Amino acid sequence: MPLALLALAIGAFGIGTTEFVIMGLLPEVAGDFDVSIPTAGYLVTGYALGVMFGAPLMTVLGTKISRKRMLMLLMGLFVAGNLLSALAPSFGVMLIGRVVASLAHGAFFGIGSVVAADLVAPDKKAGAIALMFTGLTVANVVGVPLGTLVGQSIGWRVTFGLVAALGVVGLAGIAKLVPDMPKPEGVRLRHELAALKNVQVLLAMAMTVLGFGGVFAAITYIAPMMTHVAGFADGSVTWLLVLFGLGMVGGNLIGGRYADRALMPLLYVSLGALAVVLALFTLTAHNKVAAAVTIALIGALGFATVPPLQKRVLDQAHGAPTLASAVNIGAFNLGNALSAWLGGLVIAAGLGYTAPNWVGAVLAAAALVLAFVSAALERRDDVRGTVVTGSVPTEQRTAISH
């Protein structure tokens with residue numbers, strides 16, 4: 322694997338830290354700004370919506386410059402947003418800072434996925450994408466727990482200041498290690514937009530929204546769930562997030578390894594198991610050991626879907642993958658926003674801190690249904706293509722191929 326993938330992983334590490342660290346700090350932020358936990362959850366929802374809308378917007382704006390330069394500009398925007406969050410005098414200003422930082426997220430992973438795939442042989446593309454996303458998953462083992470510990474011990478503002486510093490390191494890594502790859506010739510914005518009309522691309526994005534939304538329905542409210550239901554101390558949230566991160570790392574690597582071999586079967590297994598585990602979390606959340614194991618499983622099963630879904634979008638949007646790739650990253654975060662909002666609703670309705678787990682189970686099950694629909698449509702199209710090809714005389718097929 323090229324060394325340039327390390328630079329992409331460094332940037333992903335910083336972005337992953339700022340995306341997930343807020344979940345362990347929701348009680349502290351809510352208390353500091355005197356807002357409720359569901360209201361503080363808007364910091365998750367707002368970030369996710371910023372990723373969703375920022376992904377296509379920033380990708381379109383970056384069509385005129387090289388991918389390396391765009392990645393550097395995105396990391397600069399990421400740094401600015403986290404500094405604003407760290408210095409925010411009010412909840413509204415912090416929400417703005419989160420949105421500013423989120424604008425870099427989708428385009429970074431979208432463009433970064435294309436760059437990573439272009440750096441390796443065709444049979445190693447999913448592995449290269451997974452290696453870049455390893456930075457995101459490792460952030461949940463190292464960056465998020467440390468950020469949570471710092472935020473609980475010293476103050477959440479210090480955490481976001483340190484995250485901004487991570488962004489500076491990521492920017493330097495991209496400038497040093499990522500090659501200045503020329504823009505592909507003949508690919509225009511209308512080609513990129515046309516790829517979004519592909520039914521298989523849209524189905525993959527819908528699976529992304531629902532499948533990863535299932536993960537966030539539970540994890541967004543992990544701090545109050547574990548302290549109020551499972552009976553963990555506040556400080557235990559840090560190592561629970563480590564377990565979640567370790568699960569993410571393992572699931573991401575497994576997804577990257579097998580997506581190049583058996584993409585759809587991998588999605589069937591991971592999405593089906595995720596729906597079951599999320600449903601069981603409603604029960605296991607009442608036992609400390611069972612809750613800890615479940616959290617790791619949710620991380621593993623959720624991130625096992627990331628490389629195959631991202632690769633499927635790239636495969637189906639061949640020839641114009643950049644915008645589709647970025648929009649799919651936005652789809653991950655649309656799922657995050659949807660599930661965080663729905664989780665807040667069921668908590669606010671008085672159904673308890675474990676209620677979001679049921680929301681997640683339903684979302685993951687819906688993603689599994691779409692996976693079967695996508696595979697069925699693909700088989701139908703393959704049969705039609707075979708019939709059409711078989712009905713053309715050999716001489717004509719030869720002429721057409723030339």
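Quick note: our numbering has the sequence shown finishing at residue 723, numbered continuously throughout.
Every residue, glycine too, gets a C-beta built ideally from N, C-alpha and C.
Remember, it's a predicted structure, so these values are computed and weren't measured experimentally.
*Any C-beta of chain B under 9 Å from that of G472*: The structure shown has no chain B; it contains just one protein chain.
*Is the beta carbon of L347 sitting closer than 9 Å to the one on A544?*
Position 26 of the sequence shown, counting from 1, holds the residue named residue 347. Position 223 of the sequence shown, counting from 1, holds the residue named residue 544. Yes, they are a contact pair.
*asked:* Let me check understanding here. Comparing Cα to Cα, which of S474, F602, A647 and T643 lies closest to A425?
replied: Counting from one through the sequence shown, the residue named residue 425 turns up at place 104. Among S474, F602, A647 and T643, the Cα nearest to that of A425 is on A647.
*asked:* Quick check on the DSSP output: the alpha helix (DSSP H) that includes P348 runs from which residue to which?
replied: Your numbering for residue 348 matches position 27 in the sequence shown. Taken as a continuous stretch (DSSP letters only), the alpha helix (DSSP H) holding P348 covers L347 to F354.
*Are G337 and V459 closer than 9 Å when you measure CB to CB?*
Residue mapping note: residue 337 aligns to position 16 of the sequence shown, counting from 1. Residue mapping note: residue 459 aligns to position 138 of the sequence shown, counting from 1. Yes, they are a contact pair.
*Shortest alpha-carbon distance to A638 belongs to which of A485, M526, N608 and N519?*
To locate residue 638, count along the sequence shown from 1; it is residue 317. Ranking the options by Cα distance to A638, first place goes to N519.
*Under 9 Å, do T480 and A330 count as touching if we go by C-beta distance?*
The residue given as residue 480 occupies position 159 in the sequence shown. The residue given as residue 330 occupies position 9 in the sequence shown. Going by C-beta atoms, T480 is not nearer than 9 Å to A330.
*Indicate whether S434 and I650 have their beta-carbon atoms separated by less than 9 Å.*
As a first step, residue 434 must be located in the sequence shown, where it is residue number 113. As a first step, residue 650 must be located in the sequence shown, where it is residue number 329. It is a contact, given that the beta carbons lie within the stated cut-off.
*Complete alpha helix (DSSP H) runs within the stretch 366–437 (minimum length 4 residues, chain order)*: Entirely contained in the stretch 366–437, the alpha helix (DSSP H) runs reaching 4 residues are, in chain order, 388–408.
_Mapping the DSSP letters down to three states, classify I650 as helix, strand or coil._
As a working mapping, residue 650 is identified with position 329 in the sequence shown. In the structure shown, I650 sits in a helix (DSSP, three-state: H, G or I).
*Should G656 be labelled buried (16 or more other beta-carbon atoms within 10 Å of its own) or exposed?*
The residue given as residue 656 occupies position 335 in the sequence shown. Buried.
_Start-to-end residues for the alpha helix (DSSP H) that takes in I575_ = The count along the sequence shown starts at 1 and reaches residue 575 at position 254. It spans S557 to A580 - the alpha helix (DSSP H) in which I575 sits, taken as one unbroken run.
*Under the three-state DSSP convention, the category I540 falls into*: Taking the sequence shown and counting its residues from 1, one reaches residue 540 at position 219. Of the three classes helix, strand and coil, the one that applies to I540 here is helix, per DSSP.
*Measure how close the beta-carbons of G468 and F399 come, nearest whole angstrom, since I'm counting them as under 8 Å.*
Here residue 468 is taken as the residue at index 147 of the sequence shown, counted from 1. Here residue 399 is taken as the residue at index 78 of the sequence shown, counted from 1. Not a contact, Cβ separation roughly 15 Å.
*Quick one: Cα of P466 to Cα of T339, how far?*
Mapped onto the sequence shown, residue 466 falls at position 145. Mapped onto the sequence shown, residue 339 falls at position 18. P466 and T339: Cα-Cα distance of roughly 11 Å.
*Residues near A658 by beta carbon distance below 6 Å, same chain, minus five either side*: Taking the first residue of the sequence shown as 1, we reach residue 658 at position 337. Within the same chain, A658 has close Cβ partners T366, A369 and L370.
*Which parts of the stretch 480–504 are runs of the alpha helix (DSSP H), unbroken and 4 residues or longer, counting only runs that do not cross its ends?*
none
_Just to confirm the assignment, what range does the alpha helix (DSSP H) spanning G472 have?_
As a working mapping, residue 472 is identified with position 151 in the sequence shown. Counted as a single uninterrupted DSSP element, the alpha helix (DSSP H) harbouring G472 occupies residues G464 to S474.
*So, helix, strand or coil for H607, using DSSP?*
Position 286 of the sequence shown, counting from 1, holds the residue named residue 607. Correct three-state label for H607: coil.
_Cβ contact check for the stretch 554–567 and the stretch 609–626: 3 or more pairs under 8 Å_ = yes
*asked:* Rounded to the nearest angstrom, what separates M526 and A685 at their Cα positions?
replied: Within the sequence shown, numbered from 1, the residue matching residue 526 stands at position 205. Within the sequence shown, numbered from 1, the residue matching residue 685 stands at position 364. Near 13 Å, if we compare the C-alpha coordinates of A685 and M526.
*Y674 - DSSP class collapsed to helix/strand/coil*: Residue numbering aside, residue 674 sits at position 353 when the sequence shown is read from its first letter. In the structure shown, Y674 sits in coil (DSSP, three-state: anything other than H, G, I, E or B).
*What's the C-alpha gap between R419 and A594?*
Counting from 1 along the sequence shown, the entry for residue 419 is found at position 98. Counting from 1 along the sequence shown, the entry for residue 594 is found at position 273. One C-alpha to the other measures close to 32 Å.
_Span of the alpha helix (DSSP H) around K360_ = Here residue 360 is taken as the residue at index 39 of the sequence shown, counted from 1. A small fix is needed here, since residue 360 is Thr in this sequence, not Lys. T360 -> alpha helix (DSSP H) spans I358 to A361.
*Inter-residue CB distance, L599 and A325 (contact presumed, cutoff 8 Å)*: Position 278 of the sequence shown, counted from the start, is the residue given in the question as residue 599. Position 4 of the sequence shown, counted from the start, is the residue given in the question as residue 325. Actually they are not in contact, since the Cβ atoms of L599 and A325 sit about 36 Å apart, beyond 8 Å.
*Based on Cα-Cα distance, which residue from L587, N678, N573 and A551 lies nearest to A539?*
As a working mapping, residue 539 is identified with position 218 in the sequence shown. Nearest C-alpha to A539: N678.
_Check for me: the alpha helix (DSSP H) holding M453 runs from which residue to which?_
Along the sequence shown, read from residue 1 onward, the residue named residue 453 stands at position 132. Its alpha helix (DSSP H) spans residues K446 to A460.
*With a threshold of 16 other CB atoms inside 10 Å of the CB of L672, please say whether the residue is buried or exposed.*
As a working mapping, residue 672 is identified with position 351 in the sequence shown. That one is exposed.
_Taking the alpha helix (DSSP H) that L635 belongs to, which residues open and close that run?_
Here residue 635 refers to the residue found at position 314 when the sequence shown is read from its first residue. That run of the alpha helix (DSSP H) goes V627 to Q637.
*With a cut-off of 8 Å, do at least 3 Cβ pairs link the stretch 437–454 to the stretch 571–580?*
yes
*How close, in whole Å, do the beta carbons of S406 and F354 come, if the pair is a contact with beta carbons under 8 Å?*
The residue labelled residue 406 in the question sits at position 85 within the sequence shown. The residue labelled residue 354 in the question sits at position 33 within the sequence shown. Not really, about 12 Å apart at Cβ, beyond 8 Å.
*Give the DSSP-derived three-state secondary structure of G552 in the structure shown.*
By 1-based counting over the sequence shown, the position of residue 552 is 231. Looking at G552 - three-state DSSP - the assignment turns out to be coil, as it is neither helix nor strand.
*Residues of its chain near G491, where Cβ-Cβ distance is below 6 Å and the 5 sequence neighbours each way are ignored*: In the sequence shown, counting from the first residue as 1, residue 491 sits at position 170. Contacts found: I331, G332, G335 and M396.
_CA nearest to the CA of Q631, picked from H607, L524, L666 and Y542_ = Reading the sequence shown from its first residue, position 310 is the one you call residue 631. For Q631, the closest of H607, L524, L666 and Y542 by C-alpha to C-alpha distance is L524.
_Of the residues A442, G375, G345 and V414, the one placed nearest S423, counting alpha carbons only_ = Start at 1 with the first residue of the sequence shown, and residue 423 comes out as number 102. The shortest Cα separation from S423 among A442, G375, G345 and V414 belongs to G375.
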